[in-house]
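Numbering (UniProt numbering), first residue to last: 1 to 182. Note sheet for the following structure.
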Amino acid sequence: MTRPLPTIHQITDEESGPFQRQHLDLEFSNGERRRFERLVSRGHGAVVVVPMLDDETVLLVREYAAGVHRYELGLVKGRIDAGETPEQAADRELKEEAGYGARRVDVLRAMTLAPTYMSHLSYLVVARDLYPERLVGDEPEELEVVPWKLAELDQLMLREDFSEGRSLAALFIARQWLERRE
1 MTRPLPTIHQ
11 ITDEESGPFQ
21 RQHLDLEFSN
31 GERRRFERLV
41 SRGHGAVVVV
51 PMLDDETVLL
61 VREYAAGVHR
71 YELGLVKGRI
81 DAGETPEQAA
91 DRELKEEAGY
101 GARRVDVLRA
111 MTLAPTYMSH
121 LSYLVVARDL
131 YPERLVGDEP
141 EELEVVPWKL
151 AELDQLMLRE
161 DFSEGRSLAA
171 LFIARQWLER
181 RE
């Protein structure tokens, strides 16, 4: 079933850090009116990087996650700076967070965080043919790099300290993509 998009009667903006909060006065095709809120990203998106040390091993990083106040295991990720492509941002973030560069970088797709109220896009990137190279990043401490076998994703997905949805989805998508390429 295809429905027409709701009519936006009014948008009210509020400042809210790296996002702009908007209040939308909407009217749906059935005549119902509702007020929705959304966060509009002010940046250029982000990257979630699946760095493959070899054909079977992904590099994860452990870093402090303020939202849940604990150290969390996940993928390399970060903002795309002005003028950067997702490929360039992925290579830079990989150097800053894990101490590796990549000779082969493939963007698989864009992913949303919470599309019902947030416009932010994260690009899923697979990085291969890695080589050691470190850039200074914005992290307050050096991140622990943890090699993990893709064949053991079933164990990783159940770990309490691996809870970020983007990282979980990215690993399953990347594993499938890598298997098809072989």
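Every residue, glycine too, gets a C-beta built ideally from N, C-alpha and C.
Contacts around residue i, its chain only, beta-carbon distance under 8 Å, and the 5 residues preceding and following it disregarded
{"i": "GLU14", "result": "GLN20, ARG21, GLN22, HIS23"}
{"i": "VAL136", "result": "GLU96"}
{"i": "SER29", "result": "ARG3, PRO4, PRO6"}
{"i": "ALA82", "result": "HIS44"}
{"i": "LEU26", "result": "PRO6, THR7, ILE8, HIS9, ARG33, ARG34, ARG35, PHE36"}
Short Cβ contact (7 Å threshold) for residue i with residue j
{"i": "GLU144", "j": "ARG92", "result": "no"}
{"i": "LEU73", "j": "ASP161", "result": "yes"}
{"i": "LEU150", "j": "VAL49", "result": "no"}
{"i": "LEU171", "j": "LEU153", "result": "yes"}
Neighbourhood of residue i by C-beta, 6 Å cutoff - its chain only, sequence neighbours within 5 removed
{"i": "VAL107", "result": "PRO86, TYR123, VAL125"}
{"i": "HIS120", "result": "SER41, LEU113"}
Nearest neighbour of residue i, chosen from the options [CA to CA]
{"i": "TYR117", "options": "PRO51, GLN10, PHE36", "result": "PHE36"}
{"i": "PRO140", "options": "ALA65, ARG166, GLN10", "result": "ALA65"}
{"i": "VAL76", "options": "ARG3, MET52, GLY67", "result": "MET52"}
{"i": "GLU164", "options": "GLU179, GLU56, LEU60", "result": "LEU60"}
{"i": "VAL47", "options": "SER167, GLU56, ARG33", "result": "SER167"}
{"i": "LYS95", "options": "ARG70, ILE8, ASP54, LEU130", "result": "LEU130"}
{"i": "residue 183", "options": "VAL68, HIS69, ARG103, ALA110", "result": "Only positions 1 to 182 of the chain appear in this structure, which leaves residue 183 out of reach."}
{"i": "GLU32", "options": "ARG70, GLU142, HIS9", "result": "HIS9"}
{"i": "GLN176", "options": "THR12, VAL68, GLU56", "result": "GLU56"}
{"i": "ARG159", "options": "GLU142, TYR71, GLY101, MET1", "result": "TYR71"}
Where residue i sits in the DSSP three-state scheme
{"i": "LEU113", "result": "coil"}
{"i": "ASP154", "result": "helix"}
{"i": "GLU142", "result": "coil"}
{"i": "PHE19", "result": "strand"}
{"i": "GLY165", "result": "helix"}
{"i": "ILE80", "result": "coil"}
{"i": "PHE172", "result": "helix"}
{"i": "PRO86", "result": "helix"}
{"i": "ASP25", "result": "strand"}
Own chain residues within Cβ distance below 7 Å of residue i, not counting five before or after
{"i": "LEU156", "result": "TRP148, PHE162"}
{"i": "ARG180", "result": "none"}
Quiz item: Contact between the stretch 77-94 and the stretch 114-134: three or more CB pairs below 8 Å?
Solution: Yes, the stretch 77-94 touches the stretch 114-134.
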